[in-house]
Amino acid sequence: TVYAYPHIGNWFTFVRYDLLVRTLRASGYEPRWVMNITDVGHLVSDGDEGEDKLEKGARREGKSAWDVAKFYTDYFVQGLERMNIAAPTYLPKATEHIQEQIDLIKRLEERGFTYTISDGVYYDTAKFPRYADFARLDVDEQQAGKRVEFNPEKRNVSDFALWKFSPKDQIRDMEWNSPWGKGFPGWHLECSAMSMKYLGETMDVHAGGIDHVPVHHTNEIAQTEAVTGKPMAQCWMHTNHITVNGEKISKSLGNGITLEDIEKQGFSLMALRLHVLESHYRSQSKFSWESLAAASNRLKDYRAMADLRFQPATSESNELTELDYDQYQQDILAALQDDLDTPTALSILSRVSGERTSSISAHEQPAFERFLQFIDDALGLQLLASSDATSEQKQLIAQRQTARDNKEWQTSDNLRNELGKQGIGIRDTEYGSIWYRL
RNA sequence: GGCGCCUUGGCGGAGUGGUUACGCAGAGGUCUGCAAAACCUUUUACGCCGGUUCAAUUCCGGCAGGCGCCUCCA
Numbered sequence: 293t294v295y296a297y298p299h300i301g302n303w304f305t306f307v308r309y310d311l312l313v314r315t316l317r318a319s320g321y322e323p324r325w326v327m328n329i330t331d332v333g334h335l336v337s338d339g340d341e342g343e344d345k346l347e348k349g350a351r352r353e354g355k356s357a358w359d360v361a362k363f364y365t366d367y368f369v370q371g372l373e374r375m376n377i378a379a380p381t382y383l384p385k386a387t388e389h390i391q392e393q394i395d396l397i398k399r400l401e402e403r404g405f406t407y408t409i410s411d412g413v414y415y416d417t418a419k420f421p422r423y424a425d426f427a428r429l430d431v432d433e434q435q436a437g438k439r440v441e442f443n444p445e446k447r448n449v450s451d452f453a454l455w456k457f458s459p460k461d462q463i464r465d466m467e468w469n470s471p472w473g474k475g476f477p478g479w480h481l482e483c484s485a486m487s488m489k490y491l492g493e494t495m496d497v498h499a500g501g502i503d504h505v506p507v508h509h510t511n512e513i514a515q516t517e518a519v520t521g522k523p524m525a526q527c528w529m530h531t532n533h534i535t536v537n538g539e540k541i542s543k544s545l546g547n548g549i550t551l552e553d554i555e556k557q558g559f560s561l562m563a564l565r566l567h568v569l570e571s572h573y574r575s576q577s578k579f580s581w582e583s584l585a586a587a588s589n590r591l592k593d594y595r596a597m598a599d600l601r602f603q604p605a606t607s608e609s610n611e612l613t614e615l616d617y618d619q620y621q622q623d624i625l626a627a628l629q630d631d632l633d634t635p636t637a638l639s640i641l642s643r644v645s646g647e648r649t650s651s652i653s654a655h656e657q658p659a660f661e662r663f664l665q666f667i668d669d670a671l672g673l674q675l676l677a678s679s680d681a682t683s684e685q686k687q688l689i690a691q692r693q694t695a696r697d698n699k700e701w702q703t704s705d706n707l708r709n710e711l712g713k714q715g716i717g718i719r720d721t722e723y724g725s726i727w728y729r730l
């Protein structure tokens, strides 16, 4: 929903979707990935009756709802790129599929699943007997109105709006004509309408946050399956949430850390990405600056390993034990294919980086580079994004070596400092001087 | 009130009925012109109480604590 800046909890989830796509690709599939943009507001009851998040956001920022949606949509798409999340095949917008949504309501209406009350057209969940099954809901025991005022016109507590009428005394930025009156679609509707358009009546995998199980996904299923009579998805993937200081992230708690905050603290977004992979998507995991720093250091090791491809390779005659990179690759892929077990995948990668700290052999270089390419494809850590040291820097390294050979320590240290200013560190190993990025 | 989840070493985080997860951090050492890095060694685990079992962190029950959902939310 594009009404505000996404926080890191959102990005955790998006990275996990990305891992699914990358794992499928590494396994020989070419998934069609649809990520829908909710650019028409949901109903809220933050005490502002008749307003929704987008309209509210617009008023807050002194713009129209359309401007707000566009602004945050653009920001979101850029964020996907910044986090190195594979580009979805389709990014359909709810506002561009109003007709499809109206058509879906018509089909539901024909089948007798709808009824109209003063503020909109509703879905009668009692007409869909399997309604509570998906989330194992105990609808009768759920306390209606405990947190939100219950609309007494609704037939059942769990009934939800398919089409909301615009308030009589108000002109909304976003509203459309429909057979039932001027208004706007309920927010569960777009997912059913757009998924059927782009993925057919049954999709292979439907992903989403764990929080959506009881309401949103339940409602999606009710809408879609009432019309198709087929399962909406073969498989559901629900990502758990992260907590910050033991609490969930929410705007009201003011702990919504953004990508900008991450960078402001001096961390790269790839460090954040690695941090996401360190926990399993089903687990509720914790975010802290300390653990992000740990991930950042870990990434530095991986990068130093990747940069070995620029260093002088050792001859084949030395004692460096050859590694079976293909085997490591297979093991990592197997871990990912096992319910996206990224923690295990990383433990294998760390084993390799622990073995390759100073040098690689000329003989294994091609396999090593294939391995790095696989890691970048599967995990998206951009290890191959770094470039070689410049020829000037390499010259300085050589000069320093000469100075050391002549025991001109002052000169040698000066050169090391100079390289350090350029972000290049030097380590003197048994294989010679190796540079790495500070 | 209803539904569900969690509790692992300094931090993060996997996993398993009997065998090192992994990462980060800490300590000591080797190496080094000095560093850095690397390498070696090292410290502390499975909330509490019962039960099942030859054996439980890993299964069962209870207790304590924490969290999530039942509003929009990743």
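Residue numbers for the first sequence follow my numbering, so the first one is 293 and each next one is one higher.
Quick reminder that beta carbons are idealized off the backbone N, C-alpha and C, glycines included.
Segment limits, beta strand (DSSP E) that includes residue 526: The residue you call residue 526 lines up with position 234 of the first sequence. Where residue 526 is concerned, the enclosing beta strand (DSSP E) stretches over 525–531.
Residue 307 CB to nearest heavy atom of the ligand GDP below 7 Å: Ligands displayed in this structure: none; no statement on the ligand GDP is therefore possible.
Neighbourhood of residue 629 by C-beta distance below 8 Å, restricted to the same chain and skipping five residues each side: Walking along the first sequence from the start, residue 629 turns up at place 337. If we look at residue 629 and ignore the five residues flanking it on each side, its Cβ neighbours are 315 and 319.
Length of the line joining the Cα atoms of residue 523 and residue 312: Residue 523 sits at position 231 when you count from the first residue of the first sequence. Residue 312 sits at position 20 when you count from the first residue of the first sequence. In a straight line, the C-alpha of residue 523 is about 21 Å away from that of residue 312.
Own chain, CB closer than 6 Å to residue 517, minus 5 neighbours either side, in chain order: Here the question's residue 517 lines up with position 225 in the first sequence. If we look at residue 517 and ignore the five residues flanking it on each side, its Cβ neighbours are 524.
CB-CB length for residue 358 against residue 465, believed under 8 Å: Position 66 of the first sequence, counting from 1, holds the residue named residue 358. Position 173 of the first sequence, counting from 1, holds the residue named residue 465. That pair is a contact at about 6 Å.
Alpha-carbon to alpha-carbon, residue 355 and residue 299: Indexing the first sequence from 1 puts residue 299 at position 7. Indexing the first sequence from 1 puts residue 355 at position 63. Distance between the alpha carbons of residue 299 and residue 355 is about 22 Å.
6 Å Cβ shell around residue 332 - same chain, five flanking residues per side excluded: Counted from its first residue, the first sequence places residue 332 at position 40. If we look at residue 332 and ignore the five residues flanking it on each side, its Cβ neighbours are 386, 387, 466 and 476.
Expected contact under 8 Å - CB spacing of residue 723 and residue 673 to nearest Å: Numbered from 1 along the first sequence, position 431 holds the residue referred to as residue 723. Numbered from 1 along the first sequence, position 381 holds the residue referred to as residue 673. Between residue 673 and residue 723 the Cβ distance is about 25 Å, and since that is not below 8 Å, they are no contact.
Sub-8 Å separation of residue 417 and residue 458 beta-carbons: In the first sequence, residue 417 corresponds to position 125, counting from 1. In the first sequence, residue 458 corresponds to position 166, counting from 1. Not a contact, by the Cβ cut-off of 8 Å.
Whole-angstrom distance between residue 489 and residue 621, CA atom to CA atom: Here residue 621 refers to the residue found at position 329 of the first sequence. Here residue 489 refers to the residue found at position 197 of the first sequence. If you take the alpha carbons of residue 621 and residue 489, they lie about 37 Å apart.
Residue 575 to residue 463 span [Cα, whole Å]: Translated into positions along the first sequence, residue 575 becomes position 283. Translated into positions along the first sequence, residue 463 becomes position 171. Spanning the two alpha carbons is a distance of roughly 44 Å.
Terminal residues of the beta strand (DSSP E) in which residue 456 lies: As a working mapping, residue 456 is identified with position 164 in the first sequence. Segment 452–457, the beta strand (DSSP E) holding residue 456.
Every unbroken beta strand (DSSP E) within the region 565–618, with a cutoff of 3 residues, ordered by chain: 577–579
Close beta carbons around residue 307, own chain, < 7 Å, minus the five adjacent residues each side: As a position in the first sequence, residue 307 is number 15, starting the count at 1. These residues qualify, in order along the chain: 375, 377, 565 and 568.
4-residue-minimum alpha helix (DSSP H) runs that sit fully inside the region 314–400, ordered along the chain: 345–353 and 357–374
CB of residue 519 within 8 Å of CB of residue 422, strictly: Stepping through the first sequence from its first residue, residue 519 is reached at position 227. Stepping through the first sequence from its first residue, residue 422 is reached at position 130. Taking 8 Å as the Cβ cut-off, residue 519 and residue 422 do not qualify as a contacting pair.
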